[in-house]
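Here's the structure, in structure tokens; my notes come after.
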Amino acid sequence: MADIVLPKNFVPAAAPAAEPGKPFIEIQDVSLYYGGAQALKNISLNLGEKVVTAFIGPSGCGKSTLLRCLNRMNDLIDNVRIDGSIKIGGHDIYAEGVDIIELRKRVGMVFQKSNPFPKSIYENVAYGLRLHGVSKKSEMDAIVEESLQNAAIWDEVKDRLHSSALGLSGGQQQRLCIARAIAIKPEVILMDEPASALDPIATSRIEDLILNLKKEFTIVIVTHNMQQAARISDQTAFFYIGELVEFGPTSKIFTNPSQKRTEDYVTGRFG
Amino acid sequence: MDNLFESGLENLRQKLLVMASRAETAVNQSVEALMQRDYDLALQVKTDDDIIDRFEIEIDEMAILLLTKAPLASNLRLVTVAMKISQNLERIGDEATKIAKRARDLSQEPPIKLQLDLPRMAVLALTMLKEALDAFVNRDSLAARVLIPRDKEVDALNRQMHQALARHMMEYPDTIGRCLHWIVAAKSLERIADHAKNMAEEVVYLCEAQDIRHTARKM
Numbered sequence: 404m405a406d407i408v409l410p411k412n413f414v415p416a417a418a419p420a421a422e423p424g425k426p427f428i429e430i431q432d433v434s435l436y437y438g439g440a441q442a443l444k445n446i447s448l449n450l451g452e453k454v455v456t457a458f459i460g461p462s463g464c465g466k467s468t469l470l471r472c473l474n475r476m477n478d479l480i481d482n483v484r485i486d487g488s489i490k491i492g493g494h495d496i497y498a499e500g501v502d503i504i505e506l507r508k509r510v511g512m513v514f515q516k517s518n519p520f521p522k523s524i525y526e527n528v529a530y531g532l533r534l535h536g537v538s539k540k541s542e543m544d545a546i547v548e549e550s551l552q553n554a555a556i557w558d559e560v561k562d563r564l565h566s567s568a569l570g571l572s573g574g575q576q577q578r579l580c581i582a583r584a585i586a587i588k589p590e591v592i593l594m595d596e597p598a599s600a601l602d603p604i605a606t607s608r609i610e611d612l613i614l615n616l617k618k619e620f621t622i623v624i625v626t627h628n629m630q631q632a633a634r635i636s637d638q639t640a641f642f643y644i645g646e647l648v649e650f651g652p653t654s655k656i657f658t659n660p661s662q663k664r665t666e667d668y669v670t671g672r673f674g
Numbered sequence: 002m003d004n005l006f007e008s009g010l011e012n013l014r015q016k017l018l019v020m021a022s023r024a025e026t027a028v029n030q031s032v033e034a035l036m037q038r039d040y041d042l043a044l045q046v047k048t049d050d051d052i053i054d055r056f057e058i059e060i061d062e063m064a065i066l067l068l069t070k071a072p073l074a075s076n077l078r079l080v081t082v083a084m085k086i087s088q089n090l091e092r093i094g095d096e097a098t099k100i101a102k103r104a105r106d107l108s109q110e111p112p113i114k115l116q117l118d119l120p121r122m123a124v125l126a127l128t129m130l131k132e133a134l135d136a137f138v139n140r141d142s143l144a145a146r147v148l149i150p151r152d153k154e155v156d157a158l159n160r161q162m163h164q165a166l167a168r169h170m171m172e173y174p175d176t177i178g179r180c181l182h183w184i185v186a187a188k189s190l191e192r193i194a195d196h197a198k199n200m201a202e203e204v205v206y207l208c209e210a211q212d213i214r215h216t217a218r219k220m
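What follows is the structure, encoded as structure tokens:
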């Protein structure tokens with residue numbers, strides 16, 4: 404039989420999911436209350452660095468609430484109480500004296516509905532950089548280009564950087580928001596259903612982008628689309644009524660979950 | 002998943018069971034045609050094989066349609082296992098046809114004077130087939146695991162028959178043609194047991210999500 408010579412950068416199609424490495428996000432006994440109602444119940448889980456973790460579960464299960472705990476977005480809501488601890492890169496993000504602006508620089512977020520500023524494409528990416536002290540134009544130009552390239556939108560916008568971002572399609576706007584998030588070099592990117600309003604082609608581009616971004620960033624994504632979770636995540640956590648039911652490698656959760664509630668959810672028997 | 006998906010899954014399961022029943026009948030009839038020297042029954046098995054082939058295509062079509070809905074966990078395993086079981090059933094149909102062809106030819110010639118253990122082998126292979134299908138219907142992983150080692154008994158019987166027929170051919174060269182028919186028929190029964198074993202392994206995967214194929218110690 405002739406020897407088959409593989410290209411140097413060959414990656415088998417069925418390459419195993421990345422092994423979750425050393426925990427980067429450590430969530431310990433986290434409970435969250437909206438007034439008297441408990442929305443999260445003693446959640447503990449560790450998320451690896453530079454892996455994609457998907458949070459899945461029916462509406463109201465607490466997955467978005469937990470996601471928003473990771474950059475303290477819930478602080479903006481009245482009557483919220485959070486117990487337990489969350490460490491990112493070894494630092495307790497709820498410790499006294501934590502600079503929330505600095506935290507949100509380390510932990511960026513992309514929302515379900517793209518929310519570009521009503522400014523030019525260039526300004527959307529440059530805005531956060533300015534806030535964080537970048538003022539030199541050549542440096543700014545370089546970071547804007549790099550961010551747009553990393554968000555896989557550069558080729559589509561390079562000739563109209565100073566046009567309004569609101570003129571872009573929904574999928575392009577979402578990639579612009581990702582470019583805006585990565586421009587300030589966060590360590591973690593949180594994504595709350597980032598492709599739920601997009602068509603299959605735009606969704607596919609976002610998914611390809613996420614797979615590329617995990618080389619540099621730790622990504623946590625909330626999704627209702629289980630096939631999407633299966634396609635892009637390394638680890639999956641399934642939540643139900645505020646509880647973490649099961650957490651493990653995505654391949655296991657979607658082919659052979661350990662818990663009956665997970666099996667029932669992923670096979671569509673409830674939710 | 003929606004009710005439409007659930008009903009699609011149930012239709013797939015039902016179709017597979019009808020195919021299984023056809024394949025089981027084909028094996029039964031081919032063995033009967035062989036033992037009873039029944040020319041007409043042998044021809045019938047051969048004709049009916051086309052129906053089993055069509056089942057395989059229809060089951061693949063149904064499974065592919067279900068896969069477009071991206072099932073997960075036990076639903077995903079059921080669809081993929083259904084495709085593999087239907088492939089095994091189609092091959093069982095082919096083996097039954099091979100036996101039937103030999104039965105047809107043997108029925109036109111005088112019997113050989115040799116006591117063969119083919120009925121026992123047929124009973125073993127058919128029991129394995131029936132139990133593999135029951136294990137699938139009942140999602141009984143234990144029953145599937147229990148029947149897998151019995152394939153070895155069928156292999157051993159096939160070897161014994163092969164040796165007996167080889168000795169007979171040397172002793173009575175005029176029976177070579179007929180003995181070769183019997184060797185092929187025995188080999189087909191041995192293959193049917195192999196397919197039953199394959200299906201049992203698929204049932205274990207369906208129930209436990211454990212792939213136990215090729216895990217036995219290799220000779």
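Chains as they are written, first to last, in this note's numbering: chain A, 404 to 674; chain B, 2 to 220.
Ideal Cβ placement from N, Cα and C applies to all residues, glycine included.
Residue i, DSSP secondary structure in three states
i	result
P685 of chain A	Nothing in the structure corresponds to residue 685 of chain A, since chain A is present only between 404 and 674.
P120 of chain B	helix
Q631 of chain A	helix
V408 of chain A	Low local confidence applies: a pLDDT of 49 at V408 of chain A is under 50, so the model's placement there is unreliable, and no value is given.
G573 of chain A	helix
N231 of chain B	In the structure displayed, chain B extends from 2 to 220; residue 231 of chain B sits before or after that span and is not available.
D212 of chain B	coil
F657 of chain A	helix
A418 of chain A	Residue placement at A418 of chain A is flagged as unreliable, the pLDDT there being 36, under the threshold of 50; the coordinate-derived value follows with that caveat. Reduced to three states, the DSSP call for A418 of chain A is coil.
S567 of chain A	strand
E110 of chain B	coil
Q37 of chain B	helix
A598 of chain A	coil
Q662 of chain A	coil
T639 of chain A	strand
A584 of chain A	helix
L647 of chain A	strand
R475 of chain A	coil
L470 of chain A	helix
K618 of chain A	coil
A71 of chain B	coil
L115 of chain B	coil
According to DSSP, residues forming a beta bridge with residue i
i	result
V623 of chain A	A:T456 and A:L593
V433 of chain A	A:I446
I428 of chain A	A:L450 and A:I491
F673 of chain A	According to DSSP, F673 of chain A bridges with nothing at all.
A440 of chain A	A:Y437
Amino acids of chain D, ordered along the chain, whose beta-carbon sits closer than 7 Å to that of residue i
i	result
N76 of chain B	The question asks about chain D, but that chain is absent: this structure's protein chains are A and B.
Environment of residue i [buried if 16+ CB atoms lie within 10 Å]
i	result
N4 of chain B	exposed
F673 of chain A	exposed
T176 of chain B	buried
E11 of chain B	exposed
V205 of chain B	buried
V138 of chain B	exposed
H215 of chain B	exposed
E191 of chain B	buried
I524 of chain A	buried
V517 of chain A	Residue identity differs from the one stated: residue 517 of chain A is Ser in this sequence, not Val. The residue is buried, with at least 16 neighbouring Cβ atoms inside 10 Å.
L207 of chain B	buried
R105 of chain B	buried
E172 of chain B	exposed
K561 of chain A	exposed
F657 of chain A	buried
G460 of chain A	buried
N482 of chain A	exposed
T670 of chain A	buried
L35 of chain B	buried
Any non-hydrogen atom of the ligand ADP within 7 Å of residue i CB
i	result
R563 of chain A	This structure lacks the ligand ADP, and indeed carries no ligand of any kind.
### Query
Does the pairing of the segment 447-459 of chain A with the segment 639-658 of chain A give three or more beta-carbon distances under 8 Å?
With the cut-off at 8 Å, the segment 447-459 of chain A and the segment 639-658 of chain A touch.
### Query
Considering only residues of the segment 117-204 of chain B, which uninterrupted beta strand (DSSP E) runs meet the minimum length of 3 residues and lie entirely inside it, listed in chain order?
none
### Message
Between the segment 161-179 of chain B and the segment 131-147 of chain B, can you find at least three pairs of beta-carbon atoms closer than 8 Å?
### Response
no
### Task
Please specify which runs of the alpha helix (DSSP H), each continuous and at least 4 residues long, are wholly inside the segment 481-560 of chain A, giving them in chain order.
503-509, 524-534, 540-553 and 557-560
### Task
Count the CB pairs spanning the segment 82-101 of chain B and the segment 23-35 of chain B that are closer than 8 Å, and state whether there are at least three.
yes
### Message
Assess contact between the segment 47-56 of chain B and the segment 650-661 of chain A, defined as three or more Cβ pairs (one per stretch) separated by less than 8 Å. Is contact present?
### Response
no
### Task
Mind the definition here: the segment 122-132 of chain B touches the segment 187-201 of chain B only if three or more C-beta pairs lie below 8 Å; say whether that holds.
yes
### Message
Does the segment 504-512 of chain A come into contact with the segment 457-468 of chain A, if we say contact requires no fewer than three beta-carbon pairs (one atom in each stretch) closer than 8 Å?
### Response
no
### Task
Specify whether the segment 111-126 of chain B and the segment 76-90 of chain B touch according to this definition: at least 3 beta carbon pairs, one from each stretch, less than 8 Å apart.
no
### Query
Should the segment 83-98 of chain B be regarded as contacting the segment 52-71 of chain B, the criterion being three or more beta carbon pairs within less than 8 Å?
yes
### Message
For the structure I just gave you, are there three or more beta carbon pairs, one from the segment 583-599 of chain A and one from the segment 536-553 of chain A, closer than 8 Å?
### Response
yes
### Query
Does the segment 524-537 of chain A come close enough to the segment 610-628 of chain A to have 3 or more Cβ pairs within less than 8 Å?
Because the criterion of three Cβ pairs below 8 Å is not met, the segment 524-537 of chain A and the segment 610-628 of chain A do not touch.
### Task
Tell me, please, whether the segment 565-580 of chain A touches the segment 593-605 of chain A by the rule of three or more beta-carbon pairs shorter than 8 Å.
yes
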